[in-house]
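Going by our numbering, the first residue of the sequence shown is number 12, and it counts up by one from there. Everything below concerns the one structure shown next.
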Amino acid sequence: MIAYSPALAVSFMQTVKDQFTALELPDRDREIVILTVSTLAECEYEWIQHVELSESVGISPSARQSIRSKDFEADTLTARDRLIITFVREIVDKPRVHDDVFAEVRQVFSRREIVELIRVAGFYWSLARFLTVLDVDIDETDGLESITAASRLDIQ
């Protein structure tokens, strides 16, 4: 569907590539963001596409289920996971993050990681709306092949 706008398709693919090759943010943190956004946005497509990937970066099925069921304070999640989830919820739900939440985030994450958390959340929120509004059919997952392919793209 994105290919209907070639300029946006190129930008989209570059962003995907960057998220898997150029972030300082650890892969596990990125996947916690994506799972949280897909849950909040009620985007089954995103969720399904990131189950295997999240498992490959150490997110257990029980932690995933806690996110899926919006049990964001569950013991299956680490303190860092819970902080990321709280931050992402604020990003998605409000125009500004509560000062207490932002102060805690600043104690744990570098400035670059904070920017990357916001950008990943925003990208996947936008993608979720693209997928849900256009009611895009869910593709069968291909394991980690698409991520591997995206990381090798030579985008001009």
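The beta-carbon is built from N, C-alpha and C at its ideal position, and this holds for glycine as well.
Between residue i and residue j, is the Cβ-Cβ spacing less than 8 Å?
i	j	result
residue 136	residue 62	no
residue 87	residue 80	no
residue 35	residue 123	yes
residue 128	residue 27	no
residue 119	residue 94	yes
residue 46	residue 73	no
Specify the secondary structure class of residue i as computed by DSSP and reduced to three states.
i	result
residue 132	helix
residue 120	coil
residue 37	coil
residue 19	helix
residue 126	helix
residue 52	coil
residue 145	coil
residue 108	coil
residue 150	coil
residue 12	coil
Could you tell me the distance, in whole angstroms, from the CA atom of residue i to the CA atom of residue j?
i	j	result
residue 82	residue 92	12 Å
residue 19	residue 25	10 Å
residue 105	residue 131	16 Å
residue 103	residue 133	8 Å
residue 13	residue 151	18 Å
residue 117	residue 98	11 Å
residue 109	residue 101	7 Å
residue 38	residue 146	28 Å
residue 32	residue 113	26 Å
residue 59	residue 107	29 Å
residue 50	residue 144	16 Å
residue 125	residue 96	13 Å
residue 15	residue 23	12 Å
residue 40	residue 21	25 Å
residue 30	residue 138	14 Å
Whole-angstrom Cβ separation of residue i and residue j, contact assumed at under 8 Å?
i	j	result
residue 142	residue 42	Wrong, their Cβ atoms sit about 17 Å apart, outside the cutoff.
residue 55	residue 149	6 Å
With 8 Å as the threshold, decide whether the Cβ of residue i is near any Cβ in chain B.
i	result
residue 82	Among the chains in the structure shown there is no chain B, since it carries only a single protein chain.
Item to check | Every unbroken alpha helix (DSSP H) within the region 63–105, with a cutoff of 4 residues, ordered by chain | outcome: 72–79 and 90–104
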